[in-house]
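In my numbering, the protein residues as written are 175 to 633.
Ideal Cβ positions, reconstructed from N, Cα and C, are used throughout, including at glycine.
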Ligand SMILES: Cc1ncc(COP(=O)(O)O)c(C=O)c1O
């Protein structure tokens, strides 16, 4: 008997390739219908975690439909082509001026900024500018300029280490104290000298979500300038905090109100509330951007200055950022930040009420909750993270950097799609996970131990 189906599967939509793997190895010889290509790739991607349940990430997972429409409309615009797209380019300049204003630049028409792919590119560009300025100052004074160093703490993101290695700058990284997870000005004072191109400070640390003592660091650098003549710029990494502090704590002085703060970066795709990838770098004054870092090209028609690592890039997220700025304004951002902070505070309080957890950042500089299990719990943070994964939540467990490596934490990033109901569901799942793990103890069999070790490494 024939097993051939009565109707050819070619007659049915999106099923022709269903029982065959998509091309994976070599370049495919032939194509396939658009509907099939879409459906099969789409189905594959749905196996991934749900972005809105990924509480590890700071990156935006929800935008308004109007913003999404603008993104789709701008998808074909290559932002670097200023000659062809002068309006798109002007939007970038407007956004940087708005940020200079938000961050209290003394004169927003003298500040200068640029859109990047994210904070990583922005930090590298900012530090590179400080390296060039330092070198020029040294050369002009007839002093050696071959041993630059950069000073920052272990609480920084990996991009700071990358900068030092990629751009051949001595890294003077300050270990985390076992009982303090942000910089101490004394530790900075010990490491700076006439070859320090910049000091780095973080507003909203990756590990704990706290702020470095930026005002104190500024005071230290002002004093050093007066006493020793070393004019060391402070770069503030506001990847997440740059869009929180101005709305949650407007009186807190961490930005261009402070004399030595020369440059600030922030991720538009974090609390700037835009999908990835968009970051921002702003200098307090254009004198901080050395001319020899800006290139002019003529091959797209007209003279175009460029100061980014990438050349071609999409314009969509820049337009989406502008949408958020004009759509929300200060009042809108303040309201959204208020809600996120309220939900983070609620999560903090409920976690404390369980009696099981210790909160590591009770001050909540930003809507990020970091917590750990109280001593003498039967299981550890890696078990708990893994157990939550079974419900679809991604809540990372990780150890802090040296010298606080004995501290293991769990972190929940509260974003604008983390409603109060979702927080309650998470709390219920946390409770169920703890009840399940209670009494099971730490792994005893060799197999369990191996699985646990694997989880620790994966986390
Ligand atoms: C403090 C800090 N700096 C820099 C970065 C890198 O930012 P991006 O992912 O936008 O490149 C992050 C990312 O999480 C961060 O938390």
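- Taking a 10 Å sphere around the C-beta of residue 609, we find fewer than 16 other C-beta atoms and assign the residue as exposed.
- Pairing residue 391 with residue 375 gives a Cβ-Cβ distance under 8 Å.
- Residue 379 has its CB nearer than 7 Å to a heavy atom of ligand 1.
- Listed as beta-bridge partners of residue 323 by DSSP are 344 and 370.
- Here residue 286 has 457, 460 and 463 as same chain residues with Cβ atoms under 6 Å from its own Cβ, once five neighbours each way along the sequence are excluded.
- Using a Cβ-Cβ distance cut-off of 8 Å, the segment 409-425 and the segment 289-304 are in contact, since at least three pairs of beta carbons, one from each stretch, lie closer than that value.
- Here residue 532 is near residue 545, since their CB atoms are less than 8 Å apart.
- In chain order, 348 and 357 place their CB closer than 6 Å to the CB of residue 327, counting only its own chain and leaving out the 5 sequence neighbours on each side.
- For residue 529, the closest C-alpha among the options 514, 515 and 547 is that of 547.
- The C-beta separation of residue 418 from residue 289 comes to about 20 Å, leaving the pair out of contact by the 8 Å criterion.
- With a cut-off of 7 Å, the C-beta of residue 411 is classified as near ligand 1, since at least one heavy atom of the ligand falls inside that distance.
- Check the Cα spacing between residue 282 and each of 270, 292, 293 and 487: the tightest is with 270.
- Contact check for residue 372 against residue 345 fails: the beta carbons are separated by 8 Å or more.
- Following the DSSP letters along the chain, one finds residue 572 in no alpha helix (DSSP H) but inside the beta strand (DSSP E) bounded by residues 571-573.
- A buried status is given to residue 293, since no fewer than 16 other beta-carbon atoms sit within 10 Å of its beta-carbon.
- Burial of residue 337 is indicated by the presence of at least 16 other C-beta atoms within 10 angstroms of its C-beta.
- By the neighbour-count criterion, in which 16 or more other beta carbons inside 10 Å mark a residue as buried, residue 439 falls on the buried side.
- When DSSP reads this structure, residue 454 sits in a beta bridge with 289 and 440.
- Of the candidates 601, 446, 235 and 572, the residue whose Cα lies closest to the Cα of residue 523 is 601.
- Residue pairing by DSSP places residue 531 opposite 547 in a beta bridge.
- When 519, 578 and 564 are compared, the shortest CA-CA separation from residue 597 is found for 519.
- In the three-state scheme derived from DSSP, where H, G and I count as helix and E and B as strand, residue 196 is classed as coil.
- Linking residue 232 to residue 192 through their CA atoms gives a straight-line distance of about 35 Å.
- Ranked by Cα distance from residue 586, the first of 573, 574 and 569 is 569.
- Note on geometry: alpha-carbon atoms of residue 575 and residue 302 lie some 25 Å from one another.
- Per DSSP, reduced to three states, the secondary structure at residue 220 is coil, with no helix or strand assignment.
- A residue is called buried once 16 or more other Cβ atoms fall within 10 Å of its Cβ, and residue 305 is buried on that count.
- Around the beta carbon of residue 495, 16 or more other beta carbons lie within 10 angstroms, which makes this residue buried.
- Inter-residue distance for residue 190 and residue 197 is about 14 Å (C-alpha atoms, whole angstroms).
- The alpha-carbon separation between residue 200 and residue 450 amounts to approximately 29 Å.
- At least one heavy atom of ligand 1 lies closer than 7 Å to the C-beta of residue 333.
- Residue 211 and residue 385 have their C-alpha atoms some 46 Å from each other.
- Counting along the chain, residue 234 sits inside no beta strand (DSSP E), nor does DSSP assign it H or E at all.
- The DSSP-derived three-state label of residue 578 is coil.
- The segment 249-267 makes no contact with the segment 393-400, as fewer than three CB pairs between them are under 8 Å.
- A direct Cα-to-Cα measurement between residue 226 and residue 605 gives close to 20 Å.
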